[in-house]
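A.B. asks:
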Amino acid sequence: MEPRPPAGFAPRTAAGLDVGYGERLTAAVCVLDLATLDVVDQAVVQADESFPYVPGLFAFRELPPQLAALGRLDTPPDVLVCDGQGLAHPRRFGLACHAGVLTGIPSIGVGKTALGEFEPPGPRRGAWTPLVDGGEVVGRALRTRAGVKPVFVSTGHLVDLDTATDLVLRLTPRYRLPETTRQADRLSRGR
DNA sequence: GCGACAG
DNA sequence: ATCTTGTCGC
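If you're matching positions, the first sequence starts at 2 in the numbering used here and goes up one per residue.
(1) Could you spell out the range, first to last residue, of the beta strand (DSSP E) harbouring residue 81?
(2) Work out the CA separation of residue 94 and residue 70 for me, nearest whole Å.
(3) How about residue 83 and residue 111: do their beta carbons lie closer than 8 Å?
(4) Run through the DSSP bridge pairs and tell me what residue 137 is partnered with.
(5) Let me make sure I understand the geometry here. Which of 190, 180, 149 and 189 has the alpha-carbon closest to that of residue 40?
(6) Considering only the alpha carbon of each residue, which of 185, 123 and 99 lies closest to residue 109?
(7) Count the other CB atoms within 10 Å of the CB of residue 50; is the residue buried (16 or more) or exposed (fewer)?
(8) Sorted by chain position, which residues of the same chain lie with C-beta nearer than 8 Å to residue 64's C-beta, five sequence neighbours on each side aside?
(9) Using a 10 Å radius around the Cβ and a threshold of 16 neighbouring Cβ atoms, would you call residue 157 buried or exposed?
Spelled out as structure tokens, the structure:
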């Protein structure tokens, strides 16, 4: 059956997660108020590399430090917006799925590149086309900004694709990537 | 066997 | 992911 959010799912906050690379890994999490998109909480954690980058096993590399950062927040966010795929993964279980299941927090995946096939969505913001892999619809290629390369949205945990799409559009009033991702990226670079 | 392969 | 200048466009 389709992943479905808890009854009455109406997130007030959304967290963006990202990992920056330097001498060590820098995991950052930024919690935004969905009404204002202001950062209301954040945390950073440094960690040594403990797993190589292996396509398909991305979560083994970046999730541990991200979970550590989440643990440093004052309050758990209502939904996690992950930097990578959720269901849109060869094994149907990308980073966003791991993050949601391990924390019990609803989650979605927003990738910058697609793993499956898709037709280019219309040029206008909000347009989308199905992202297909192995003959299955695993997510959506969503245009968050007119005339700019789409992002790839997929289900993580306890959130359906329509809800995930709405959420991403709410987080992209101006730029291609969600504000959550942008803020976490900024923080992971020490700013 | 060869190429592709989230970040 | 990260290394990096200028350049085109709103």
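The beta-carbon is built from N, C-alpha and C at its ideal position, and this holds for glycine as well.
C.D. replies: So, from the listed chains and residues:
(1) 80-84
(2) 22 Å
(3) Yes. Within cutoff.
(4) 134
(5) 180
(6) 99
(7) exposed
(8) 96, 99, 100 and 103
(9) buried
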